[in-house]
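From first to last, the protein sequence lines are chains A and B. Under the working numbering, the first residue of the first sequence is numbered 1, with each subsequent residue one higher. Under the working numbering, the first residue of the second sequence is numbered 502, with each subsequent residue one higher. C-beta atoms are modelled at their ideal positions from N, C-alpha and C, and glycine is treated no differently.
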Amino acid sequence: MTSNTGVGQAHVPLPAPGPQTPAPDYDPGPFWDEMFEGPGRVRSHYAALAGRLATLSPDEVARRQQTAELSFQVRGITFAVNQGTEGVEKIMPFDLIPRLLRAEEWRQIERGLEQRIRALNLFLADVYHEQRILTSGIIPPELVLGARGYRREFHNVNPPLGVYTHIVGSDLVRDGSGQFHVLEDNLRTPSGVSYVVENRRVLKRTWPRIFEDYDVRPIEGYPQDLLDILHAIAPANAEDPTVVLLTPGAYNSAYFEHAFLAKAMGIEMVQGSDLFVDDACVFMRTTRGRRRVDVIYRRVDDDFLDPLTFRPDSLLGVPGLVPTYRLGRVSLANAIGTGVADDKAIYAYVPRFISYYLGEEPILPNVQTFLPTEPADLRYILEHLDELVVKSVNESGGYGMLIGPHAAKEERDEYRARILADPRGFIAQPTLALSRHPCWTSDHFEGRHIDLRPFVLFGREVRVTPGGLTRVALRGGSLVVNSSQGGGGKDTWVLAEDPGA
Amino acid sequence: MLCRVAEDLFWTSRYVERAIAVSRLSEVTWHLELDAGDVEDEHGDFWAPLLGPADEAPTRLRGDEHPSPDEVRHYLIFDGQNPSSLVSCVRQARSAARGVRESISSEMWEHLNTLYLSLVDPDLAAQAEDNPHGFYKRIREGAQFFQGLTDSTLAHDEVWHFTGLGKYLERADNVARVLSLQAHLLLTGEHGDDLVRWLAVLRSCGSAEAYARYYSLRVEPARVVEFLLLNPIFPQSVRFSLGAAWEALRAIGASQGISHDSATRASRALGMLSAQLEHAAVDEVLEDGLQPYLTSIRNQIAEISEHVTRGYLRDEPRPGRLVAVARAAMIMAAQQQQQ
Numbered sequence: 001m002t003s004n005t006g007v008g009q010a011h012v013p014l015p016a017p018g019p020q021t022p023a024p025d026y027d028p029g030p031f032w033d034e035m036f037e038g039p040g041r042v043r044s045h046y047a048a049l050a051g052r053l054a055t056l057s058p059d060e061v062a063r064r065q066q067t068a069e070l071s072f073q074v075r076g077i078t079f080a081v082n083q084g085t086e087g088v089e090k091i092m093p094f095d096l097i098p099r100l101l102r103a104e105e106w107r108q109i110e111r112g113l114e115q116r117i118r119a120l121n122l123f124l125a126d127v128y129h130e131q132r133i134l135t136s137g138i139i140p141p142e143l144v145l146g147a148r149g150y151r152r153e154f155h156n157v158n159p160p161l162g163v164y165t166h167i168v169g170s171d172l173v174r175d176g177s178g179q180f181h182v183l184e185d186n187l188r189t190p191s192g193v194s195y196v197v198e199n200r201r202v203l204k205r206t207w208p209r210i211f212e213d214y215d216v217r218p219i220e221g222y223p224q225d226l227l228d229i230l231h232a233i234a235p236a237n238a239e240d241p242t243v244v245l246l247t248p249g250a251y252n253s254a255y256f257e258h259a260f261l262a263k264a265m266g267i268e269m270v271q272g273s274d275l276f277v278d279d280a281c282v283f284m285r286t287t288r289g290r291r292r293v294d295v296i297y298r299r300v301d302d303d304f305l306d307p308l309t310f311r312p313d314s315l316l317g318v319p320g321l322v323p324t325y326r327l328g329r330v331s332l333a334n335a336i337g338t339g340v341a342d343d344k345a346i347y348a349y350v351p352r353f354i355s356y357y358l359g360e361e362p363i364l365p366n367v368q369t370f371l372p373t374e375p376a377d378l379r380y381i382l383e384h385l386d387e388l389v390v391k392s393v394n395e396s397g398g399y400g401m402l403i404g405p406h407a408a409k410e411e412r413d414e415y416r417a418r419i420l421a422d423p424r425g426f427i428a429q430p431t432l433a434l435s436r437h438p439c440w441t442s443d444h445f446e447g448r449h450i451d452l453r454p455f456v457l458f459g460r461e462v463r464v465t466p467g468g469l470t471r472v473a474l475r476g477g478s479l480v481v482n483s484s485q486g487g488g489g490k491d492t493w494v495l496a497e498d499p500g501a
Numbered sequence: 502m503l504c505r506v507a508e509d510l511f512w513t514s515r516y517v518e519r520a521i522a523v524s525r526l527s528e529v530t531w532h533l534e535l536d537a538g539d540v541e542d543e544h545g546d547f548w549a550p551l552l553g554p555a556d557e558a559p560t561r562l563r564g565d566e567h568p569s570p571d572e573v574r575h576y577l578i579f580d581g582q583n584p585s586s587l588v589s590c591v592r593q594a595r596s597a598a599r600g601v602r603e604s605i606s607s608e609m610w611e612h613l614n615t616l617y618l619s620l621v622d623p624d625l626a627a628q629a630e631d632n633p634h635g636f637y638k639r640i641r642e643g644a645q646f647f648q649g650l651t652d653s654t655l656a657h658d659e660v661w662h663f664t665g666l667g668k669y670l671e672r673a674d675n676v677a678r679v680l681s682l683q684a685h686l687l688l689t690g691e692h693g694d695d696l697v698r699w700l701a702v703l704r705s706c707g708s709a710e711a712y713a714r715y716y717s718l719r720v721e722p723a724r725v726v727e728f729l730l731l732n733p734i735f736p737q738s739v740r741f742s743l744g745a746a747w748e749a750l751r752a753i754g755a756s757q758g759i760s761h762d763s764a765t766r767a768s769r770a771l772g773m774l775s776a777q778l779e780h781a782a783v784d785e786v787l788e789d790g791l792q793p794y795l796t797s798i799r800n801q802i803a804e805i806s807e808h809v810t811r812g813y814l815r816d817e818p819r820p821g822r823l824v825a826v827a828r829a830a831m832i833m834a835a836q837q838q839q840q
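What follows is the structure in structure tokens.
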């Protein structure tokens, strides 16, 4: 719900940017701060918000924080960390102050993401058809063919609309100069969009006042947009396509999101055991007998989708699903085999894919990346382990990661050995000075590092959801924002127009 | 609807209804205990009979000649190992509901989740000791509110009918059980005229006031049995509950084109049981023996539940399924050869 008061029409006089600040002692430090240009100087687009914040006592802030967190708990917006057992459910900590993005900044992000997604899809189409890029000299062929996510079984399969990645979550970070970079792409089963919607909902309930000062672009359209895409990719002969969401089940850390999306789209949420394949069609078991399924929005990774094709020990999948998909008798979002493009080593080449497939310069830059498979890079990495972030190419969730400057010598030595043993399995990047944002910590505000995960939908066209999930590294000084490692979230606002512009 | 969802909702509904029953029973028993005061053993222990016949009681309480009231109360209300304890009922209802939360309304889910979270408090037992009445009331009202939300926030479609089926089968079973635990003792023991005890039986089923209104006569054993077992219009009676369960099952079956063998069996068994109660007369029941009658009803309910499960909630294995998968793989291989 956007405010009707637009630019220059705010019925509350906006406090002038300047010495007015809710937290006179707040020190942005040497980092790019989203809210403050410098100590005591609020950025112009945050001025109104800062004014509102200044009217709240610490008790008031704490109270609203607690109300917000209780809301998450009652809704059961929890996740299990690692192995879920009864009673070990945690909420994703929510920070009250929204993160604001100016319209003009957002335009650049939107264009950059669209460009990137198109290039990635062209890469995937190429890899699974002619493989021109492997002989182009752009990227070592063994990097692609040896990627764990590369599925030879999908050669020459044509997904509906030619789209492989229907749902993408690319992580963006801002460096010390304020420039956005893409940190990584998530092209398999990216999660977090339910938090985008829930954070907005909760903030509206706990602090409705702040919405009066801004024209915030709405985000509730996501489930409908997603459903449109799922319908659009249904097999050609399906007249009234049946769409389902395939979940690994209630013990999966993103289970709330699965249930949320299924309900918002009005589709059935199924587990592997609810489906079966018969006569090269997929059916679900209902109380009225079998019912044909045409499109599956699957939140189960490739490896676990079909015990007859991939991991035979998987209980989460459906025997025979993959042949049925190959025959085009059922559609999947995302397509199988997208993992080759979000391999972190392949990520390093994405800017070159953009120029190769689109003939354009990348609008959003990558983060500088070193590959241990290149001898010069390997030397550099081993010499500078204490300055670099090392990541395992196929992990996510903040696992399998070394943050050089924060790590103990034993940890760095361990990673040195692992890199040497498996150079293809790692990448290294400089430790970025991620931007920070004021966050409430028990009784005062402190800067915390944040990132941004916008969600991009790709069906007949590319649609970037305005905003996304701003994740917060809650421990002071920490750079790890993933929720499984204790990270929190903020509501993210894309302003419809720059206030005061 | 998905079989798994139907099953989870069926059981959510059963556990919520069971929570109501256990909370009522516990509260009434607590009252009886208070009324009896310090008089030792004159009326016997009120809690032990709630464990049921010897073969239903848990092993560790069975060995004891006389498990203490505290042990029994703990077992019935707080014991996580007892799947039918009050706390377990709420926990299992919530767990089942969580697995199908996309099929129920957000209000239903949030309410049940809040109820569950309130019970996770480690000081629970102490709170209940302090204010038992408040404790039982809170849970019962929480469960009843959930039932109210179910009726008003779900379309009365197949999903809703399965919750109804679970609720009413459970209710019929619970009332029959209460009657069988208490009334049996009263009819055959020395306290056949103990009106306080008979009133307690009515209260355990939330039926005391309705009874008074229906009969406007004093409490009499035969009438209590008649009211709880055979009354056609009071929602807590076994006859009413089975009738409502039968309606729910018919509504579910009505949309079926083909019916599985088990589904038909569930229908017929429930139909027959419901009809049996419709045409029973209390004096005949008492003459033939209340206890065997109640046991037979409970056994039939258990069978019906089994037929419902097999007929609607679990897929019968279909012969030739793996053959079909192999066929699809062969088609794929043939396609690959053509490329």
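Cut-off 6 Å between Cβ atoms - residues of its own chain near residue i, not counting five sequence neighbours on either side
| i | result |
| --- | --- |
| V786 (chain B) | Y794 |
| G149 (chain A) | G339, V340, D343 |
| W512 (chain B) | A597 |
| Q9 (chain A) | Any reading at Q9 (chain A) is ruled out, since the residue's pLDDT is 36, under 50, leaving its predicted position unreliable. |
| R641 (chain B) | I521, S524 |
| L101 (chain A) | V494 |
| R299 (chain A) | T189, T247, H258 |
| S514 (chain B) | T664, G667, K668 |
| P160 (chain A) | I233, S331 |
Cross-chain neighbours of residue i in chain B, by beta carbon under 7 Å
| i | result |
| --- | --- |
| V270 (chain A) | L503 |
| A428 (chain A) | By Cβ distance, chain B contributes nothing, its closest Cβ being about 40 Å from A428 (chain A), past 7 Å. |
| A232 (chain A) | Neighbours of A232 (chain A) on chain B: none; closest Cβ ~22 Å, over 7 Å. |
| A250 (chain A) | R599, G600 |
Inter-residue Cα distance where the pair is residue i and residue j
| i | j | result |
| --- | --- | --- |
| P466 (chain A) | F211 (chain A) | 16 Å |
| W548 (chain B) | R719 (chain B) | 26 Å |
| D25 (chain A) | L183 (chain A) | 32 Å |
| D386 (chain A) | Q131 (chain A) | 38 Å |
| S57 (chain A) | W207 (chain A) | 14 Å |
| E239 (chain A) | G476 (chain A) | 54 Å |
| V390 (chain A) | T286 (chain A) | 48 Å |
| V702 (chain B) | Q683 (chain B) | 7 Å |
| F426 (chain A) | R151 (chain A) | 20 Å |
Residue i, buried or exposed, once every other Cβ within 10 Å from all chains shown has been counted against 16
| i | result |
| --- | --- |
| I354 (chain A) | buried |
| P736 (chain B) | exposed |
| Y576 (chain B) | buried |
| G29 (chain A) | exposed |
| R174 (chain A) | buried |
| N632 (chain B) | exposed |
Under 7 Å by beta carbon: chain A residues contacting residue i
| i | result |
| --- | --- |
| W610 (chain B) | G76 |
Any chain E beta carbon closer than 9 Å to residue i
| i | result |
| --- | --- |
| D302 (chain A) | No chain E appears in this structure, whose protein chains are A and B. |
Interface partners of residue i on chain A, CB under 8 Å
| i | result |
| --- | --- |
| L625 (chain B) | The contacting residues do not exist; L625 (chain B) stays about 14 Å from chain A at best. |
| T615 (chain B) | V74 |
Listed by chain order, chain B residues near residue i by CB distance under 8 Å
| i | result |
| --- | --- |
| D274 (chain A) | L503, C504, R505 |
| A119 (chain A) | Those do not exist, as A119 (chain A) stays about 27 Å from chain B at its closest Cβ, beyond 8 Å. |
Contact set for residue i: own chain, Cβ-Cβ below 7 Å, skip 5 residues either direction
| i | result |
| --- | --- |
| S71 (chain A) | V202, R205 |
| I267 (chain A) | V243, V244, L245 |
| Y46 (chain A) | M35, L100 |
| F503 (chain A) | Here chain A covers residues 1 to 501 and nothing more, so residue 503 (chain A) does not appear. |
Cβ shell of residue i (< 8 Å), same chain only, five flanking positions each side left out
| i | result |
| --- | --- |
| Q156 (chain A) | Per the sequence presented here, residue 156 (chain A) reads as Asn, with Gln not at that position. The answer, listed in chain order, is Y128, H129. |
Short of 9 Å Cβ to Cβ, which residues in the region 720 to 754 of chain B face chain A? I753
Check distances from the C-beta atoms of the region 276 to 291 of chain A to those of chain B and list, in chain order, the residues that come in under 8 Å. F276, V277, D278, D279, A280, M284, R285, T286, T287, R288, G289
Of the residues that make up the region 591 to 606 of chain B, which ones have a beta carbon closer than 7 Å to any beta carbon in chain A? R599, G600, R602, E603
Quick one: which residues of the region 649 to 662 of chain B get their C-beta closer than 8 Å to a C-beta of chain A? List them in chain order. E659
So if I threshold CB-CB distances at 7 Å, which residues from the region 252 to 269 of chain A count as touching chain B? A259, A262, K263, E268, M269
Chain-ordered residues of the region 44 to 77 of chain A with a beta carbon less than 8 Å from chain B: Q73, V74, R75, G76
Residues in the region 400 to 433 of chain A with C-beta within 9 Å of chain B's C-beta atoms, listed in sequence order? none
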